[in-house]
Amino acid sequence: MNLKLKIWRQKNDSEKGRMVDYDVTDVSPDMSFLEMLDVLNQELIEKQEEPVAFDHDCREGICGTCSLYINGRAHGPQTKITACQLHMRSFNDGDTIYIEPWRAKAFPVVKDLIVDRTAFDRIQQAGGFISVNTSGNTQDANAIPIEKEHADKAFDAATCIGCGACVATCKNSSAMLFVGAKVSQFALLPQGQVEATDRVLNMVKQMDEEGFGNCTNTGACEVECPKGISLENIARMNQEYLKASLKG
Amino acid sequence: MSGIFNSSIGRKFAMALSALFLMIFILQHFAINILSVFSPDTFNDVSHFMGTFWVIQYLLQPVLIFGVIFHFVMGFVLEIKNNRARAVGYAKNSPSGNSTWMSRNMIWSGGFILVFLVIHFIDFWIPEINTKYIAGDMSGLVDPNVADSGYRYYEELVHKFEPIWRVALYCIGFVFLALHLLHGFNSSFQSVGANNKYTKGLKGFGKVYSIAVPLGFIFIALFHHFNH
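Structure representation (structure tokens):
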């Protein structure tokens, strides 16, 4: 396939970026999207040009590092996959493909298609953990009975890979699906109860301080999430937050 | 508790509570208005009761006005805040693949409803307040000097829907109300944390409510226009 790419190029976080056109030829439909970018970068290097900077790591949909807004959709036209799991057979010969970084005030562009997602780390640090006694008296987690439904839902919430597609796709750049998942995975389990009040208050406070927008329940995040995290987690976070606010 | 309404979730919660209150009000408003189609006398009696009973006039009416103003002001404030959360937009964006038009354009449907409400207030609410609290006529009669002249409410309603332009304007207003409710109904339940086994049923009920109630209002406007 021959394709026309329109890629966001930005030297660094302080310089203004712009869309730049590239032509790629003889693209195999079996290539992954990132492999196609690798080929483009090889060509650019051979021409003594600056390769396109983009985030990637595991390339198998687990790490959440890749973060491309492809043709107006987070992680591209397919649902429940990351950009690294997207293959060129999803496109047609002659297509024009727009490739942009996640857009959010809380995710500033570092270079080209790479954005700074450490806002998510700071939200996690604010409360996305449990304190466990590791002095030798730690209770075996498997010895604590947990309802199957709760265990399943907690596991589903814990599958969030923190890629930021929810923020990128939300018209308000809201991080509530991410924070909702992180709050839910603990709120549903007995281990998470000890710090439940502080956790949700602190994580939401940090989320607001980072400059993410307000959720207006469009549901776009749920559709674009590569792990299919449900909106139910946002509702649970809302409940937890209201309970915690009344207690605190 | 003090900082709850300064947080994103607290604002969502407040927005949802005002929405739930307004949806109950709309249903009550419809229930009274539809009486004008089936029984003008009952419509007159209920309208007089609503317009003169002190609990409604002096307690519930101010709450309603506050609820309406709060909902609109908060809606615009949140929209401004949300726009600030994305300084640079996408060169290409295809949101129709992941969300409904209604959910993405609440500010526009809400804005048109606000315009409609201003017209509605000028048509009905301000003249009513003028008659009762400025002219001091609490009788509700067509002619306050003639005891058996009958209540004025039905006549006023029918008279308002004589010009076709006003009927058209109201119909457009109700279409925007339907579009707003189609997302807003379920969104308000999600915001207060209600997403559970009843959500599917609630979504179905929300769709029926969002279409049936505005359609009912349209029917009332058309009925009075074409029957008088």
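Line order of the protein sequences matches chains A and B. Each step along the first sequence adds one to the number in the working numbering, with nothing skipped, and position 24 is 29. Each step along the second sequence adds one to the number in the working numbering, with nothing skipped, and position 154 is 684. Idealized CB from N, CA, C, for every residue including glycine.
For Met212 of chain A, name the three-state secondary structure that DSSP assigns. Stepping through the first sequence from its first residue, residue 212 of chain A is reached at position 207. Correct three-state label for Met212 of chain A: helix.
Among A:Val228, A:Thr30, A:Val120, which one has its Cα closest to the Cα of His61 of chain A? Position 56 of the first sequence, counted from the start, is the residue given in the question as residue 61 of chain A. Nearest option by C-alpha distance: A:Val120.
For the 8 angstroms Cβ check, are there 3 or more pairs between the region 196-216 of chain A and the region 235-249 of chain A? yes
Span of the beta strand (DSSP E) around Val722 of chain B: Along the second sequence, read from residue 1 onward, the residue named residue 722 of chain B stands at position 192. Neither: Val722 of chain B is in no beta strand (DSSP E) and is coded neither H nor E.
Taking the straight line between their C-alpha atoms, what separation do you get for Ile741 of chain B and Leu712 of chain B? Stepping through the second sequence from its first residue, residue 741 of chain B is reached at position 211. Stepping through the second sequence from its first residue, residue 712 of chain B is reached at position 182. Going from the Cα of Ile741 of chain B to the Cα of Leu712 of chain B covers about 8 angstroms.
Let me confirm a value: Ser140 of chain A is counted as buried when at least 16 other C-beta atoms fall within 10 Å, else exposed. Which label applies? Numbered from its first residue, the first sequence carries residue 140 of chain A at position 135. Counting Cβ neighbours within 10 Å, Ser140 of chain A comes out exposed, since fewer than 16 surround it.
Can a CB atom of chain B be found closer than 8 angstroms to the CB of Met41 of chain A? Mapped onto the first sequence, residue 41 of chain A falls at position 36. It does not: the Cβ of Met41 of chain A has no partner Cβ on chain B nearer than 8 angstroms.
In terms of residue numbering, what span does the alpha helix (DSSP H) encompassing Val598 of chain B cover? Numbered from 1 along the second sequence, position 68 holds the residue referred to as residue 598 of chain B. Residues 591-614.
Does the separation of the CB atoms of Leu194 of chain A and Glu227 of chain A fall below 8 angstroms? To locate residue 194 of chain A, count along the first sequence from 1; it is residue 189. To locate residue 227 of chain A, count along the first sequence from 1; it is residue 222. Against a cut-off of 8 angstroms, the Cβ pair of Glu227 of chain A and Leu194 of chain A comes out as no contact.
Can you tell which of A:Thr223, A:Ile86, A:Ser179 has the C-alpha that lies nearest to the C-alpha of Glu215 of chain A? Residue numbering aside, residue 215 of chain A sits at position 210 when the first sequence is read from its first letter. The shortest C-alpha separation from Glu215 of chain A is found at A:Ser179.
Does any residue of chain A bring its CB to less than 8 angstroms from the CB of Met636 of chain B? Residue numbering aside, residue 636 of chain B sits at position 106 when the second sequence is read from its first letter. Between Met636 of chain B and chain A, the shortest Cβ-Cβ separation is below 8 angstroms.
Hey, could you find the ends of the alpha helix (DSSP H) Val645 of chain B is sitting in? In the second sequence, counting from the first residue as 1, residue 645 of chain B sits at position 115. Per DSSP, Val645 of chain B belongs to the alpha helix (DSSP H) from 636-650.
Contact with chain B by Ser250 of chain A, beta-carbon distance below 8 angstroms: Along the first sequence, one-based indexing puts residue 250 of chain A at 245. For Ser250 of chain A, the answer is yes, since a Cβ of chain B falls inside 8 angstroms of its Cβ.
Meets three-Cβ-pair contact criterion under 8 angstroms: the region 689-698 of chain B and the region 742-756 of chain B: yes
Distance between Val114 of chain A and Phe4 of chain A (C-alpha atoms, nearest Å): This structure does not reach residue 4 of chain A, given that chain A is present from 6 up to 253, and the question cannot be answered.
Helix, strand or coil for Asp203 of chain A? Go by DSSP, reduced to three states. Position 198 of the first sequence, counted from the first residue, corresponds to residue 203 of chain A. Helix at Asp203 of chain A.
Between which two residues does the beta strand (DSSP E) containing Lys187 of chain A stretch? As a first step, residue 187 of chain A must be located in the first sequence, where it is residue number 182. Unbroken run through Lys187 of chain A is the alpha helix (DSSP H), 181-192; no beta strand (DSSP E).
Can you look up Glu51 of chain A in the DSSP assignment and give me helix, strand or coil? Reading the first sequence from its first residue, position 46 is the one you call residue 51 of chain A. Glu51 of chain A: helix per DSSP, three-state reduction.
Please work out which residues of its chain come closer than 6 angstroms, Cβ to Cβ, to Asn238 of chain A, disregarding the five sequence neighbours upstream and downstream, and give them in chain order. For the purposes of this step, residue 238 of chain A is taken as the residue at position 233 of the first sequence. Answer for Asn238 of chain A: Ala162, Gly185, Ala186, Ser189, listed in chain order.
What number of angstroms, rounded off, separates the C-alpha of Gln15 of chain A from the C-alpha of Ser95 of chain A? Within the first sequence, residue 15 of chain A is the residue found at index 10, counting from 1. Within the first sequence, residue 95 of chain A is the residue found at index 90, counting from 1. Whole-angstrom Cα-Cα distance: 27 angstroms.
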